[in-house]
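Enquirer: My structure is below; once you've seen it, I'll send some questions.
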């Protein structure tokens, strides 16, 4: 399903509070000017935010819902690479930083509400002072850290250890998402996930 966007109303004070939690150093005047550069949109489950091979240069802050990065390995056989949730930022690093096309696609796996902003506008505002520049660098580093940490988990941890980490650190994913996305995120089969869940339920 292709991207289906609608401008919607969203509580401005709630959006301000969310940004304040993410970056307390950003004052209300800056945030107001910042928000005028973007818009809040509603996305439906299965909407594609951008495809593999895209040069999309937008920043998306998830206000509600879950989004996955995915790779199409065999004409429709897509695999979930990573799952993003509320308060996390979706950024096409390849396009925005390296000026290359993306190697992954990005898709909503639930209905979502996101704040969407052109990356050039985002960068201009964030580089307007040393304080906000640091926030931008911190965000990009945090984004990369999430992905590298997940890669390490897939490589170094056992299947059960990965599940346990998810249970301890991102329990809401286990609560909110279907097993096919959880299994793909953990890098295990549906059968393995079923056995692990059964084992933990019996404890």
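Residue numbers (our numbering): 1139 to 1341.
All C-beta atoms in this analysis are idealised placements derived from N, C-alpha and C, irrespective of residue type, glycine included.
Quantities reported herein were computed from a predicted structural model and do not represent experimental measurements.
Could you spell out where the alpha helix (DSSP H) holding residue 1232 opens and where it closes?
Expert: 1231-1234
Enquirer: Using DSSP bridges, identify the partner residues of residue 1227.
Expert: For residue 1227, which the question treats as bridged, DSSP gives the partners 1199.
Enquirer: Provide the residue span of the alpha helix (DSSP H) that contains residue 1270, from first to last.
Expert: 1268-1294
Enquirer: So, with DSSP's three-state summary, where would you put residue 1312?
Expert: helix
Enquirer: Please report the distance separating the alpha-carbon of residue 1173 from that of residue 1280.
Expert: Rounded to the nearest angstrom, the two C-alpha atoms are 22 Å apart.
Enquirer: Could you work out which residue in 1169, 1233, 1165, 1288 is closest to residue 1219 when comparing CA atoms only?
Expert: For residue 1219, the nearest C-alpha among the options comes from 1288.
Enquirer: Whole-angstrom Cβ separation of residue 1192 and residue 1230, contact assumed at under 8 Å?
Expert: 7 Å
Enquirer: Kindly indicate which three-state DSSP category residue 1209 falls into: helix, strand or coil?
Expert: strand
Enquirer: Could you have a look at residue 1265 and say whether DSSP puts it in helix, strand or coil?
Expert: coil
Enquirer: Which value, in whole angstroms, describes the spacing of the CA atoms of residue 1300 and residue 1175?
Expert: For residue 1300 and residue 1175, the distance between alpha carbons rounds to 39 Å.
Enquirer: Which first and last residues belong to the beta strand (DSSP E) in which residue 1220 is found?
Expert: 1216-1222
Enquirer: Taking the beta carbon of residue 1245 as the centre, do at least 16 other beta carbons fall within 10 Å, making it buried, or is it exposed?
Expert: buried
Enquirer: May I ask you to check if the CB of residue 1309 is nearer than 6 Å to at least one heavy atom of the ligand GDP?
Expert: Absent from the structure shown: the ligand GDP. Ligands present: none.
Enquirer: Below 7 Å CB to CB, which residues in the same chain sit around residue 1257 once its five sequence neighbours on both sides are set aside?
Expert: Residues 1195, 1196, 1197, 1234 of the same chain have their beta carbon placed closer than 7 Å to that of residue 1257, with the five preceding and five following residues left out of the count.
Enquirer: Indicate the three-state DSSP secondary structure (helix, strand or coil) for residue 1320 in the structure shown.
Expert: helix
Enquirer: Around the Cβ of residue 1140, are there at least 16 other Cβ atoms within 10 angstroms (buried) or fewer (exposed)?
Expert: A caution first: residue 1140 carries a pLDDT of 40, below 50, which makes its placement in the model unreliable, though a value can still be read off. Per the 10 Å Cβ criterion, exposed.
Enquirer: Buried or exposed: which applies to residue 1277, given that a residue is buried once 16 or more other Cβ atoms fall within 10 Å of its Cβ?
Expert: buried
Enquirer: Apply the 10 Å Cβ neighbour rule to residue 1286 and answer buried if 16 or more other Cβ atoms are within range, or exposed otherwise.
Expert: exposed
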